[in-house]
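Novice:
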Amino acid sequence: MDTAESFFSPPDQSKESDEEALSIDIDSAGSSAASIWRSNELTCRRKLIDSQLSNVCNQGGTYRGKQLDDREGAGELQWDYTATQQTYSKIYIADDLSISPMAGLPEQAGPSSLELIYCTMVYNHEQAQKDSRKAKIANKQVQSLIKRLVKSCHDISTCITTMETRTNVLETEVKAAVKQSAVQELQISDIQWKLEDAENHQRHNNVQILGLAEGLEGQVTRAYIVSLLKKAFPDLVGWNWEMEIQRAHRFPI
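Set out below in structure tokens:
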């Protein structure tokens, strides 16, 4: 049996029964011999626990969620164990030979108290190992969650950067489209004016004056035509309204 199994194995009940029977026989023979024997028995039990706990410390086990080794963690467990050793040493102070052999030992100072301490230490050690395993599992889960969160944040940052780039491209394209639209509006206005002028050329109420040499009308064609009409129709001069020509242009024949 290795050290770990021997540390967690319960005490040998048959051996204790033999020792208790032997203790009764010796007590019947003489209380002084019984006191000496029980003192030796308790000393052996303490040395056994000392050896088992020392082996656990030297092998680098876990205690209170902390990994132990020969330099650091073992000192913490050894300190706690020393305090425990002092505790049950006080319990068995009645085994000192200076006490009267006839006084006997209190019941709580017998092997049952040592077994209780032993079981308590084993239980605490098991709980410490369980807490250590739970802490390791929780730590792994937290680390995994942190990694996922970091990856998600990185993905979100990448998406935001991509969207900013695409938005800048779209903004540039929209500005170019607005400029293009303004130019097209000017072109449309010019085309509308030319179309209206072409329609007016085809109207039947247009007055066509033939025989005028090119350039004779000067810079303002409408004013020249008004002057011709006034000369042709002198009666119109005395009217109350002013003659006006909206549009006049040369039409190619």
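Sequence positions in the sequence shown follow full-length UniProt numbering and run 1 to 253. Beta carbons are placed, not taken as given, at the ideal position from N, Cα and C, and that holds for glycine.
Buried or exposed for Leu-186, please, with buried defined as at least 16 other CB atoms from any protein chain shown within 10 angstroms of its CB.
Specialist: Exposed, because fewer than 16 other Cβ atoms sit within 10 Å of the Cβ of Leu-186.
Novice: Would you grab the beta carbon distance between Ile-245 and Val-226 for me? Rounded to a whole angstrom, and I think it's under 8 Å.
Specialist: 6 Å
Novice: According to DSSP, is Ile-146 part of a helix, a strand, or is it coil?
Specialist: helix
Novice: Just curious, the alpha helix (DSSP H) that Val-220 is in, first and last residue?
Specialist: It is not in any alpha helix (DSSP H) - Val-220 carries neither H nor E in the DSSP assignment.
Novice: Where does Ala-213 fall in DSSP's three states?
Specialist: coil
Novice: Under a three-way DSSP split, which group does Glu-244 fall into?
Specialist: coil
Novice: According to DSSP, is Asp-235 part of a helix, a strand, or is it coil?
Specialist: Here Asp-235 sits in helix by DSSP.
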